Structure formats: C-alpha cells, structure tokens
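Residue numbers (the numbering used here), protein chains in the order written: chain A, -1 to 269; chain B, 660 to 964; chain C, 40 to 907.
Just so you know, even glycine gets a beta-carbon here, dropped at the ideal spot from N, CA and C.
Nothing here was measured: the structure is a model prediction, and the numbers come from that model.
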C-alpha cells in the first residue's frame, strides 16, 4: 500500500507527488546536472583535488554537492566480435526524498519538513546544525556545511516547482537520464524501460521503485545496470525509524529499572 | 567467528555519513548525561533513606554534570545561537527532540534540587525537586541510547535492543562510583548498591550486545567494538568495571579501596561511552558494515527489482 | 562526441533509442564508448588504413550502392594515361615536384579535358613559380567543395570496367588495405574489423543509411584532409551522402567556428568560401573570376557573389569603373596561416597581434613557439573574458620559470580588453549543421567588458577618424583628399546604427548587410538574385536569405513538436535553409526517392518542380531527365542527375583531380613523429606536408631512423566534457574547475607497469620540444594495442591546462610540433611520439637540460624529420 507522504504530513488538497526517475543506462557522464544544480541553488564549490576515482572528482553527495555523478570502470567478458571488454557505468546520484525519511523523522527543530509535493526540504532559517540528520540518512546524502554550520541537501528545486518549472538538473540533462514528473507516471515509464533493456539482453534493475521497500520507495528512484553497492548505494536500506518503537520500548524498560533502584535505595533506612 | 564476506563498494568509500558530532562534546555528553540522570536517582533514593551526605553529593554532582552537558551540547551545534529551536516542536519520532524536552524539564529541576541543598533555601521545594529529578533522571540516562541507535550507523543501530541497558548500567555505575569516591564508606551504602547494580547490568548487557552483533548477517558488527584502540579502551573499561565491582563489594570498609573503585567506575563509564562512540564512527566509515549485512539480510538474489 | 558535444549527443541517444547502432572508433574508451554498441580502439594516426580497409571490403565484396555510384559519382570517369598511383610509385602520385614539395595536378586530369578544383587552387592559368607559390598558400577551404572548370563532359565508362576509370583505379589503389593490414597498422583485431564492415554495409543502401560523425580526431593530422576524403569515398560508395540519416557530420570544435569559416577569420578566405585573392593570377576582378570560378554549376556565378560582397563592403565607392574596389582587397603572397605568422613574429617580421577569444599559449601547437612569438611583438591586444595565459606569458609563462625569458626584457606592450560573454550581446552562432541561431542579449556587459562587434566597430570608427583628411575628430573636410593608401578604410560602409548606453552597434543591422539588398534596398531572399553589375550587395552569398522579407530567420524558434521532422522553422541553415546538402542524391535518376522510408526530396512532374520534406539542393524546376546542351554554361550546364551542384562535372569525386594538394586519393602515411615504419609504402610520411622549419620547432626521428626509440610511445591530445578548449571559459570558474581540477594523463596498466607510474601519482612526459608534468590516471580505458608485432602504449593528454585560473597545470600542446596538413595548415596534435617517466618534472633551467638530454640521445639536428 503506497503511502502518501504529503497527506501524512498534513497537506490537504496537495498536488501529485513528484520526483526523479534516473535512467543510468543513458547517462553520458557530462555532469551538467551537477553544474546546473550548483548554479541554480548557489551551492558553494566544495573541493579542488583530483580523486583518482575515474572521472569522479566530486566523490559523493554532501552539504555542498546535491547531484553527484558516479563513474565505475569495469572489465566485462568481451563479446566475440567486439574489441572492448570494458564497461563504464555512469550514474547521477541525488537525495532520494524517501517516502519514509529518516532525516525528517529525527530532526528535532522541525527544520526538515515534507512539502506539498511529497519532497523533503530543509528550512535554512530554522536549522541549528545539530547534525542528527547526517548519520540518520541510510544513503549518506545530507551533511552539515562547514561554512555556515547548517544541514543542506537537494530541495528538488522547491522554488522551481512552485513556479511550475522542473528541477534544474532535469532541465539540463541532455539525454533524459534524469526524468522529472509525477511519481506514479515515472514508475510506469521505468518498468517499460526495464522490460525494453531486458529484451535487449541487458541486466537492468530498478532501485527504490518499490513502495514496499525499506524506505517506502524513493521520491527519486533509479534504473541501475549493476548492484547498488557498485554505485556506492546501500543494497537494501531500511529507514531507522522502523525500529524506533522497539528502541523506546527498551529505553522505557531500562529507565523503569533504574527508577526502581531509586525506590529500592529509598527503602531501608539509614542506621 | 563468521569470516568476512566478499563485497563490492564504490572505491572503498563510506555508504553513509559518519556523525558530525565532535569529540569530546557528544561522547562526553553521553557520559555526563548518564552520570547526571543516575545521580538524581541516587539523590532521591538517598534522601528518602536518610543518607543526607550522599544525597548532597549526588545532587551537586547531577547539577554539575548536567551543566557541563548543556555547554557541550550547545557547543556542538553548527549554529549554537539557535539552540532554542530545539523547543520549536515536540517530535516523538526524534529522540533528540524528546531528549531536548526532557533536558528542558530535568535541568531546572535538578538545579533547584542542588541549589536548595547547597543554600538550604526552601527545603520542601528542594525535596520535591529532588524527587522530580529522580523521576526524570532515568529517562535522561537512557534516552541517549535511542538517540545514537536511531541512526543508520551499523554498530549502533544493530545494538538498539541492548544499548539502553548498557547506558542505564553505565550511568548507574558512574553515579554510584562518584558517590563512593567522594563519600565515606559508611555513608555511601546506597551509592555502593547502585554501583554494584549498575556495573553488573552494564557488564551483562554489553556482553549480550557484542554477542548479538557478532552473529549478525555475515559481517561481524562487533568488530568495531573489539578491534584497534577502541577495542582496547572498551576492554580496559570492562576490566576496570569488573575490578571496581569486586573492590566495591570486598573493600567496602576501606575508604581507599572504595574511593579507588569509585574512581574506576567513573572512568570506566566515560571510557565506555567514548569507546561506543568511536566504534560507531568506525562502522560508519567502512562500507562493509553497511553493505554486507544488508546484502545478507535482503535474502533476495542480487538484482531483484 | 559525448565528451565534446554532450548536448548534441542527445540526438545520437535518441537515434539509439530508435534502434540505431552506434560504433565508436577511437584510441581511447571515452564517455561516447560507454554508451556505444561497439568501441573499436585503434592506433592514433592510422585511420586511413582503417577506412581504406573498409573501402577495400566494400569494393571487393561488391557492397557498394551501384546505381548511386554510377550516376552520382565520378566512378565512371576516365583518367589520362599520365596518372600514376601510389601503387606505381611506391607511395607517391605522379606530378610530385620533390624539390619544392608540391604536386602538379596536371597528371591527375580527367581524360578529355582540364579539371580545376572548386576547393583549393584552380590552376587554370599559371604553371610557373608564381603558380607554385599560390599552391603553397593552400587555400584549401576555398569554395567548400571540389569542382572542375573547363571540361564538364569527361569521358566515362558506365560499365566501370575500363582500367583507367576511377572505379578501377580505386580498386587497385585500395587493394593493399586488407584486414591483415588493418590489424597490423591499426591494431584492430580482424573480428572487430569484420563486425564494423558488416554493420556498415548492412545499414547502407536504398532502405537504410549510415552517418559518420567526426571531429578533430580526424583533422588534426598531417594527412587530416585525406582522412576526410577517405570517409567521403566510403560514404559515396555506400550511397550515404545527401540522404537522411547519412552524410558526414563534421563536429566543429567551438560553438560558432562554422560561422568563423563562413564569415571567415581564416587568412585565405573571403565570406562564403570565396578565395582570398593571390598576388599572382588574381591581378584584377576579371582575372580573378576567370581563374577561380567554373563554367558549370553554381560557382559559375561567382562574379555575382564577389561583386555583391564588394558592394556590401565599399558601397557607393565600388563601381564598375574601379572593378568595384577589387584592388582594395589584400593579396596573399603565400601561406599566412597562424603558424607561419608565429614564425614571422619570432623572426621580427610581424610586430602586432590581436587575439580575440583565442589562447594560443595553451591552445595552439608548440606552445613555446607561440610564447616566443608573443614575446617578440611590439604590441599585443588580447580580448577575453579573463586573463588568459596568452596575456600573461610575460609574467608567468613556462619560459620565465626556465629563465629563457625575463619579464623585464620582454618589450611587448600588452593590452588586455575585457570581453562581453554571449549572454551580454546580440548575435548569431552558426553550428556544425550550417544552422544559424540568433542569441539575444540578456544583460548589459559589466564594467569595461565589450562585445567583439563593439570593439571592431569602434576601433574602425576611430581609425577612420584619424585617417580622415581633416585629422582627428571626424568628417573629412570638403575638398581635401585622403592619402590613396587609406582609401580602402575610408571608403568602407561603416554606418551601422548604435544603440544603448554603450553605443553597441546593431547586430541585426550587420545581419541585414550580410543578407544583402537589391537595387531598391529591399532585403534579398536568395543568392540567385545576386548580380555582378553592382545593383545588389550581399555580405556573404551563402547567408543570403537569412533575413528574407526583413525577418531575422535565424531567430525563429518554432518547437520541433509543431513542425515536420526536418524542422525547417527552427533557425536558418545555409544555403537557402537547405538542411541536407546534395539532397538531390536522396532520389534516384528518375527523381523518385530510393525508398519510401528514406524519402527526402523528389520530383513532382505535375508541378514541374522538386518538392519534399527539405528544400531541394538543386535547380528547383530542373527535371531529372534534363541533359544540358554541349555548350551550356553555368547553372544551365547542370544535368538532371548532377546532385553535386558545386562540382563542375556535377558528380561527387571519388577521385579528386584537383583541389587537394597532397593527392587525388588518400594514402596512408605515418604521422610526422611515429614509432613505426610505414608498412604500406616506401614513402614514410606525407611528401608534401608542411613543416615550419625553425629552431623552436625541433622534430624527432621516426620509424626506423636511429633515435626513434627514445620516444617510443604515441601521445594523443583531446578534450574533456568538463573543460573548454584552452580553459579560458572553464578553468576560471569554480563549478567547472572542481569537476576536473587537475591536469592528468591517462595510461594503461601495462604502460604504468613498464614505466613505474602510480595511479594518482605524477608523471613527466617528454618530446623534443619540452617536458611537462601531469597527474596519472591508470585505466583500462587506454588500451595497449599490438601494432606490427609490438605492444604499443598510448598516452592520453587532455589539453585544457595552463598557469592561470582556479585549476592550473602544464599545457599538453607545449609538447606538440608544427608539421601541418598542407591543405589547411592544421597542426598534427592527435599523434605524437613521446616518452613518459614517473615523478614531477625539473624546475627552472634544469627543465631545458632534461629536454636537451633527450635531444642528444635521439640525435636531433635541424634537419631531423624534414625529409620528404
């Protein structure tokens, strides 16, 4: 059963949930998404050293990188008639805008909130940089920016959505690797693409497209050509909040036990 | 021992982000918060059973610890000036939100108890505050377990069932140890009892934690708690706790032995919190701790949509 | 293409989504290879063998599109007995003047008449020393296509069996380009080669077409033009030219570089590919027209294009009495290309230099020579968005560090003028499809930044004011006479309206001048309206029509979804908005499309004209059955089956009897610096390649010459998506700099092992010119290939870096030499020979010592590498 996160957050009469379908099979690694994002959102430059990780000098998502293109060079069995035995995977990573978002759940100030579009956004004027969201994210997306001490991440261009525009990265992507639109439409399209690639003899898989998965499905989901961990993604992430009831239960028992010792200590009078 | 499984990662990079919380601020707070909360428990119990000297020590100790905690927590914020935003909302889904409200209640109450004790003003209110702090204290000492476990940090999250008991035990052990350190043995009986109780609970809970983590899903999540410097510190803490436990019981008539045991318990409690913190950080940094358990737990063949 | 044209590459992905197969042939495995169906790694500098091998396969297995070849190419044309092929002369053609290193086209003529080129030099008149000088000027780009002059009806054998017909000559010429040779020379395994041949031929013919896409990986060689010729021959044999989904798409290296050859910034061209007049043979307008035009086809109307151009430039001052000011045009005395100019700067013959959005200290080959040239100027004007290395060479160039130059001793006065960006001015881009797209000013340029148009206009205005007889400040006094020498400048039409607070000249007004007007000052709509009596003016005949009806056609933006698949209402393509050139060839000799699915234009007999999805690149009302009278001239001489309307014989040239100075057919020659001996012929290198002989341009021994082993690896330069050319538009910006922050070289694991290079470590790369340092990326994407029984390692060098900006590093082009393609004077930076060693390079004078050591070990003298 698909959760409607915007409704759950209290938005009545909200627009259709939107998100990204990133089809990595057509990514050409141009990084227009990285640049468009930084330009639109005036995100600072965050690193000028060669990483040695193929053509990926961005290295990963963070407070000042909201789109990150991964590059993986692989040796594959060469086809009899092809000279190359190489595969170069490229994929543009982004905040998943999880249906069940751990960052949102743990944020103590309410800075992180669920928008009417079903996306997750940080309010820059509320965040006090407690950093709790950082280790809560199962994908390692959100981080605290050194320059201002606050948490930052992809907003799915909330300001552009409000004006009826698509996010900057989707607009800039020349090959339609990044597709933006209503989430259910994207999921259908993605399944067709998977079928198409399977028929062509490839081995695609959808990642975070399933509302039954550990985060309730992603507002941003992917078509990958290899295991998620090859791209730096967790194979089967579960939102930490799923286990929170159990955590509170054990906290309560332990606290009760400790309180009981107060009583026990209180019994028995001083001689 | 389950052997290390084979796995792929993206150039060995971490999958999740390690906490941005700083040392000593946050592990220090885990220790101090536990010490404060359990001291309030000790204060309440001691007060009720007439151990006035011990009650005094515990109340002052609680206030001291919680004040230092507040400094540490505010200092650790990226925007310390906005610390009050912690009380903008109350979110049960966020242990930090729950904790902020607990602290907002507990701090003043513990403060009132201590101030009343030290100045002699309003003794009845002071008693009420002591009892109030004694009620809130256990929550203060244990909610932090939920706080660190409610993350994606593998070594913490996987231990969420045991961690509250480890923290409760460690807190009690530290509070009792403080009492043993500062008070004459004759006046320290509740402290001794609390210490013995806490140390025992902590030792057992920690062993249980390690056992569960060691068996999990093909990649031992106990490894970060046992390997390297962190492992050495945690083993030392365990040794100190066990030794102090023995010392507290066997040497209960000796001031020196009791004090030494008390100091050891306090130190061990601090070391335990720092060790658990570092173990978590290490498990966040190495992708294998995230990837392998998830791959095994998924149980599905790789590549299923 | 994905690396350098990611936005354009979306159309390749679109085609792929519709079932097209993408084959990528490149020494490296790039982001294009990552999404291609087949990647074929080959040795840099060996493509003529690869393509020649495919031609041999097509001819041998009879996979050519026979009807197309017979009717639309010169396959059936007979050559004279004088012609000798590389098969006969061990690697050279007949007509080679060994002393002067030029070819005489005479021996390449068609039987039955003289041919002269529509591209390059026509040679109709002069056979003397003067003629040779003219030949050296190259002017290869003139006229765009090839053409012939006097004789339109050469002898033909439509059975294609006569031994002297082009078809048989072709077969014989390419017979040695076997799959074994491809394997040996290119390092391409037979299975991969066979697969390419199959895919190409399966996908060509009446029902299917294949497109070739290339860029400077093909042109930046001493045989660059011949690479293109080989591809053209192949595509013609397969019947892919002039057809939808076919053709050869030349990706230009820069957003509007097509525009900069159309309205040229090249020394040897006038707008519309008219040749710049030469001091020999073009003494006056009539001689020029006679020498340069053709009797048949649209070049026959050349006089109308020239006169209209002269009227655009000199307006009322240009009259029939003064040859329309033809004498005002400068004259060539040889090759004045950029590299000769640099030599002239070092030698003191060239004192001033303007650099408009160009950074030769990083972007041109042999960076040291560029900087020595800059350092010897009297004055230098640099216009750019940021302080590029060419503007600061005197301060932080590599020669300052080596102490070969000292800042205080450099006498060049450098003026840096900040330039406006494309968002800060109106104007047009002309892209690789010949399409003009207008861009609109979004913001005013900040501070002192000004557009190139502003600069050129106001500079011209101020010079005119100074030259005017009244002196400074203005309008010439009545009755006074200007110095005769100044008349070419004073007589220019220079009356563009200016607008705005910066007095920016109206780009639209310039476009209108380019489009042209008739006698009644009405905008023209076609070059067919141009006259040579002075009644029309037109700044560029191929652009005539861009402002038809007074409407800026280049500014049209009708969305693709609202028009046909040809999308003629987005922008405007020259000429006359024809989107595919030579599209008459998309229909058979009867005027019917070769197939329904590949229909583009066809003959509508009822309407009596050509119609279809595209504007027909043909005489609109000429039926397919038309055959010209024997004495017909000009456009009247084009038959109904002559799709190649700019050629005098109306056919596509498999064999180029003129116009390409280094041979009528492509032959494989090794690059200037190559570790290999040419296994195909005794002739090692292009015998007529151009070498800038200069002490700053030392060349390395090659092939089996002693010392060649000192530089055993092949280096190739290229681009990355993240940076732009010489870095002036990318290394100065944080968002691009952080994507590729450091200069690196790419090497295979085998080369890394052989030379002790570590991944993410440093390496020094050395040639005879200099040594540079780079970080190392060890990657399987650089293949070690087997060539002539040896393991060949290649070193990849992205060339974007220099000393200025956020991301800095050494410049790859400093390694390159100046041996050039003789047709177009382009540098060979795609295949160099080098050595590579681990660690950073020496600093200061020690750097020169290292280079000197290498030179000594290789035995390099002033003559090395200059042999025929």
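Do you know how far the Cα of residue j is from the Cα of residue i?
i: residue 832 of chain B; j: residue 800 of chain B; result: 11 Å
i: residue 26 of chain A; j: residue 60 of chain C; result: 16 Å
i: residue 340 of chain C; j: residue 673 of chain C; result: 7 Å
i: residue 805 of chain C; j: residue 676 of chain C; result: 57 Å
i: residue 770 of chain C; j: residue 844 of chain C; result: 5 Å
i: residue 241 of chain A; j: residue 134 of chain A; result: 12 Å
i: residue 963 of chain B; j: residue 21 of chain A; result: Only weak support is given to the placement of residue 963 of chain B: the predicted model assigns it a pLDDT of 38, under 50, and the value that follows is read from those uncertain coordinates. If I take the Cα positions, the gap works out to 17 Å.
i: residue 804 of chain B; j: residue 814 of chain B; result: 12 Å
i: residue 930 of chain B; j: residue 896 of chain B; result: 6 Å
i: residue 448 of chain C; j: residue 887 of chain C; result: 20 Å
i: residue 655 of chain C; j: residue 640 of chain C; result: 6 Å
i: residue 181 of chain A; j: residue 17 of chain A; result: 6 Å
Are any of the Cβ atoms in chain C nearer than 7 Å to that of residue i?
i: residue 18 of chain A; result: no
i: residue 58 of chain A; result: no
i: residue 169 of chain A; result: no
i: residue 47 of chain A; result: yes
Using alpha carbons as the reference points, say which of the options lies closest to residue i.
i: residue 801 of chain C; options: C/790, C/808, C/816 and C/787; result: C/816
i: residue 824 of chain C; options: C/74, C/47 and C/80; result: C/80
i: residue 265 of chain C; options: C/705, C/550, C/419 and C/571; result: C/705
i: residue 575 of chain C; options: C/218, C/350 and C/338; result: C/350
i: residue 291 of chain C; options: C/316, C/253, C/319 and C/307; result: C/253
i: residue 907 of chain B; options: B/956, B/835 and B/881; result: B/835
i: residue 778 of chain C; options: A/124, A/61 and A/66; result: A/66
i: residue 343 of chain C; options: C/570, C/222 and C/304; result: C/570
i: residue 264 of chain A; options: B/693, B/703 and B/682; result: B/703
At least one CB of chain B closer than 7 Å to the CB of residue i: is that the case?
i: residue 142 of chain A; result: yes
i: residue 281 of chain A; result: The structure shown does not extend to residue 281 of chain A, since chain A is modelled only from -1 to 269, so the question has no answer here.
i: residue 257 of chain A; result: yes
i: residue 249 of chain A; result: yes
i: residue 238 of chain A; result: yes
7 Å is my cut-off, CB to CB: does residue i come that close to chain A?
i: residue 778 of chain C; result: yes
i: residue 54 of chain C; result: no
i: residue 856 of chain B; result: yes
i: residue 759 of chain B; result: yes
i: residue 748 of chain B; result: yes
i: residue 468 of chain C; result: no
Answer yes if the region 304 to 320 of chain C comes into contact with the region 569 to 582 of chain C, meaning at least three C-beta pairs across the two stretches below 8 Å, and no otherwise. Under the 8 Å Cβ criterion, the region 569 to 582 of chain C counts as touching the region 304 to 320 of chain C, having at least three qualifying pairs.
Which runs of the alpha helix (DSSP H) spanning at least 4 residues fall entirely within the region 106 to 153 of chain A, listed in chain order? 131 to 134
Can we say the region 113 to 121 of chain A touches the region 152 to 166 of chain A, given the rule of at least three CB pairs closer than 8 Å? yes
Count the CB pairs spanning the region 449 to 466 of chain C and the region 419 to 435 of chain C that are closer than 8 Å, and state whether there are at least three. Contact between the region 449 to 466 of chain C and the region 419 to 435 of chain C is present, because at least three Cβ pairs lie under 8 Å.
Decide yes or no for the touch test of the region 282 to 291 of chain C against the region 559 to 574 of chain C: beta carbon pairs closer than 8 Å, at least 3 of them. no
Stretch-stretch touch, CB-based, cutoff 8 Å, three pairs: the region 241 to 257 of chain A with the region 56 to 70 of chain A: no
Per the contact definition of three or more C-beta pairs closer than 8 Å, is the region 775 to 791 of chain C in contact with the region 827 to 842 of chain C? yes
Does the region 28 to 36 of chain A come close enough to the region 131 to 146 of chain A to have 3 or more Cβ pairs within less than 8 Å? no
Given 8 Å as the limit, is there contact between the region 94 to 106 of chain C and the region 602 to 611 of chain C, that is, 3 or more CB pairs closer than that? As far as the Cβ criterion goes, the region 94 to 106 of chain C does not touch the region 602 to 611 of chain C, which means the pair count is below three.
Going residue by residue through the region 220 to 251 of chain C, where are the continuous beta strand (DSSP E) segments of at least 3 residues, counting only ones entirely within it? none
Touch test, the region 722 to 739 of chain B against the region 677 to 689 of chain B, Cβ-Cβ under 8 Å, three pairs minimum: Flag = yes, the region 722 to 739 of chain B and the region 677 to 689 of chain B touch.
Specify whether the region 82 to 99 of chain C and the region 212 to 232 of chain C touch according to this definition: at least 3 beta carbon pairs, one from each stretch, less than 8 Å apart. yes
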